[in-house]
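Undergrad: Under numbering that gives the first Met the number 0, the first residue of the sequence shown carries the number 0, and numbering increases by one thereafter. Glycine included, every Cβ here is placed at the ideal spot set by N, Cα and C. Could you have a look at this structure, given as structure tokens, before my questions?
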Amino acid sequence: MTHPPTLILRQGQLLSPTGPSDCVDIAIEAGRITAIAPHLPQSAEVELNVQGQVISPPFVESHIHLDSAMTAGEPRWNQSGTLFEGIEIWRERKQSLTLEDVKERAIATLKQQAMQGVLFVRSHADVSEQTLTALKGLLAARDAVKDWITLQVVAFPQDGLYGGPQNEALMEEAMRLGADVVGGIPHYELTREDGVRSIHRIFELAEQYDRLIDVHCDEIDDEQSRFLEVLAACAIRTGMGSRVTASHTTAFHSYNNAYAFKLMGFLQRTSLNFIANPLINITLQGRADTYPKRRGVTRVKELWQLGQNVSLGHDCIQDPWYSLGTGNMLDVVNMAIHVCQMTGIPEIDACYNMVTWNGAKTLQVEPEYGIEVGKPANLIVLDASDRYDAIRRRATIRYVISQGKLIAQTTPPTPQWQGPEEVQSVFDQTGLLV
Ligand code: 17E
Ligand code: FE2
């Protein structure tokens, strides 16, 4: 005997990477999608009629630092706004980390993200601090939240793999403790040679412990910062391309075109993932410039045009590097569209895909990601008619369904016009505010 589904979503527009489909009903049972059809005859305990609104796979936050989230101003504000002052402030703050402090802030941030439709997250954890408290706190959080959000943890040596005598050993300990991903920061190693050496070591560790790689790479306006070529060379030689991610790569913005075009040819020989963090890098970069001031965000449009997998991250929520942020991925997309000048409709749609399908590819969670019969029921309903509408209005995420359970719902605001009546009818006709 077949059970009735526990949940049916009726008449939503199912997004695909290339466009919306017609309206469908989606049935969910025991945490999985059991049927998708124009009209399902059966009924369910809970039915949500979403009336043509967009149904999307959940957002993927491919790059965030949960260990520092919600610490802005502790112990002091970042006055220069630079990456390097941020690192100094964090070095002070991390002396007072406790497991509870890290875990509680991480879970509070993850809850805020999940309420806004994010169900897959990759977070960096600083492992250049003696006690590995940041890492241990995030590993505890990964376990505590696993029934409603998937968290991957990157062992990230913020002060450099060779920046202190114990940092390399701390990285190995992080692998043994169960970090999912090996991180790095070659542009912040003490010398260029150390930077190159760090990348080779990262690949060795990834092979030895069978982990993914995600390197903070060339996050500086220095056009001479050229570690992406080293990362690409290692990826080409090892064949690990799709398991390797280059985060930030902001120096790519400043490379001369002769070099950038050569590099793009090399990139096409492998399948690296790229992550841009437009909210934060538009504020961190260009700080040493007067005018003209560089935007300092990597070449997102060009990488996308080349067919490279590009995703977008928030990077920070209220920390020493970025005091703003809410976890809303539509804010990230909105900023990317502006900074990267991706204003054509196919470009706008591509930017939406960068916080959904492309992020899933970066995290290598594709087998469990996407709205298909048999897959885990992870999906969101947006108060929007398409991707463009969702991004423009930063649409409310109506429903968040994680592993078959409705874990959050939000009612869109309904502003009430109190001014002259003739203006009310204009609102009604244009629907501008609704
Ligand atoms: N650390 C770093 O090296 N770069 C960043 N963007 C952040 C932390 C947020
Ligand atoms: Fe970062």
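Which residues in the same chain have their Cβ closer than 7 Å to the Cβ of Arg293, if we skip the five residues on either side of it in sequence?
TA: For Arg293, where only same-chain residues beyond five positions count, the Cβ hits under 7 Å are Asp220, His252, Ser253, Gln284, Gly285.
Undergrad: Should Ile344 go down as buried or exposed, given a rule of 16 or more other Cβ atoms within 10 Å for buried?
TA: Exposed, since its Cβ has fewer than 16 Cβ neighbours within 10 Å.
Undergrad: Tell me, to the nearest whole angstrom, how far the beta carbon of Ser127 is from that of Gly163; I am working on the premise that it is less than 8 Å.
TA: Confirmed, Cβ separation roughly 6 Å.
Undergrad: At a threshold of 8 Å, does Cys216 count as lining ligand 1 (C-beta to nearest heavy atom)?
TA: No; taking the cut-off as 8 Å, the Cβ of Cys216 has no heavy atom of ligand 1 nearer than that.
Undergrad: Secondary structure at Lys102, three-state DSSP: helix, strand or coil?
TA: Three-state DSSP puts Lys102 in a helix.
Undergrad: What distance in whole Å lies between the Cβ atoms of Leu14 and Ser55, which are believed to be in contact at a cut-off of 8 Å?
TA: With a Cβ gap of about 5 Å, Ser55 and Leu14 count as contacting.
Undergrad: Which residues in the same chain as Met0 place their Cβ atom closer than 8 Å to its Cβ, once the five residues preceding and following it in sequence are excluded?
TA: Per-residue confidence for Met0 stands at a pLDDT of 47, beneath the threshold of 50, marking its modelled position as unreliable; the derived number appears in the next sentence. Result list for Met0: empty, nothing under 8 Å.
Undergrad: Could you tell me the alpha carbon to alpha carbon distance between Ala349 and Ala394, rounded to whole angstroms?
TA: Approximately 17 Å, taken between the alpha carbons.
Undergrad: Closest to Asp24 by CA distance: which of Val49, Glu44, Pro3 is it?
TA: Taking only the C-alpha atoms, the option nearest Asp24 is Val49.
Undergrad: Is the distance from the Cβ of Thr409 to the Cβ of Ile396 below 9 Å?
TA: For Thr409 and Ile396, yes; Cβs fall inside 9 Å.
Undergrad: DSSP beta-bridge partners for Glu46?
TA: Note: Glu46 sits in a beta bridge opposite Ile7.
Undergrad: By Cβ distance, which residues of its chain are closer than 7 Å to Gln138, with the 5 residues on each side in sequence left out?
TA: Residue 138 is actually Leu in this sequence, not Gln. Around Leu138: Val152, Leu176, Gly177.
Undergrad: Where does Lys404 fall in DSSP's three states?
TA: Looking at Lys404 - three-state DSSP - the assignment turns out to be strand.
Undergrad: Compute the Euclidean distance between the alpha carbons of Ala275 and Val229, then round it to the nearest angstrom.
TA: Going from the Cα of Ala275 to the Cα of Val229 covers about 19 Å.
Undergrad: For Ser42, collect the residues of the same chain with a Cβ closer than 8 Å to its Cβ; drop the 5 residues on either side in sequence, then sort them by chain order.
TA: Answer for Ser42: Pro3, Ile7, listed in chain order.
Undergrad: Quick one: what's got a C-beta closer than 8 Å to Val332's C-beta in the same chain, skipping five residues either side?
TA: Around Val332: Leu311, Cys350, Tyr351, Met353, Val354, Ile390.
Undergrad: Only counting the same chain, and skipping five residues up and downstream in sequence, which positions put a Cβ closer than 6 Å to that of Asp158?
TA: Ser127.
Undergrad: Using DSSP with H/G/I as helix, E/B as strand and the rest coil, what is Gln223?
TA: The answer is coil: DSSP assigns Gln223 none of H, G, I, E or B.
Undergrad: Around the C-beta of Lys145, are 16 or more other C-beta atoms found within 10 angstroms, so that it is buried, or is it exposed?
TA: With fewer than 16 other Cβ atoms within 10 Å, it is exposed.
Undergrad: Would you check if there are 3 or more beta carbon pairs closer than 8 Å linking the segment 21-39 to the segment 86-94?
TA: Output reads no: the segment 86-94 does not touch the segment 21-39.
Undergrad: Could you tell me which whole beta strand (DSSP E) segments of length 3 or greater appear in the segment 142-211?
TA: The segment 142-211 contains these whole beta strand (DSSP E) runs: 149-155, 180-183.
Undergrad: From Leu39 to Ile27, what distance separates their C-alpha atoms?
TA: Taking the straight line from one Cα to the other gives about 12 Å.
Undergrad: How long is the line joining the alpha carbons of Ile379 and Cys22, rounded to whole angstroms?
TA: Straight-line Cα distance between these residues: approximately 15 Å.
Undergrad: Checking the sheet assignment: what are the DSSP bridge partners for Asn308?
TA: The partner list for Asn308 (beta bridge, DSSP) reads Asn272.
Undergrad: For a test of the three-state rule: what should DSSP assign to Gly18, helix, strand or coil?
TA: The answer is strand: DSSP assigns Gly18 an E or B state.
Undergrad: Can you round the beta-carbon distance between Ile316 and Met69 to whole angstroms, since I take them to be within the 8 Å contact cut?
TA: Yes, Ile316 and Met69 are in contact; Cβ-Cβ is about 7 Å, under 8 Å.
Undergrad: Distance check for Val364 and His62, CA to CA, integer angstroms please.
TA: Cα-Cα distance, rounded: 15 Å.
Undergrad: Helix, strand or coil for Val296, going by three-state DSSP, please let me know.
TA: Note: Val296 maps to coil in three-state DSSP.
Undergrad: In whole angstroms, what is the alpha-carbon distance linking Val59 and His123?
TA: Each residue's alpha carbon lies about 15 Å from the other.
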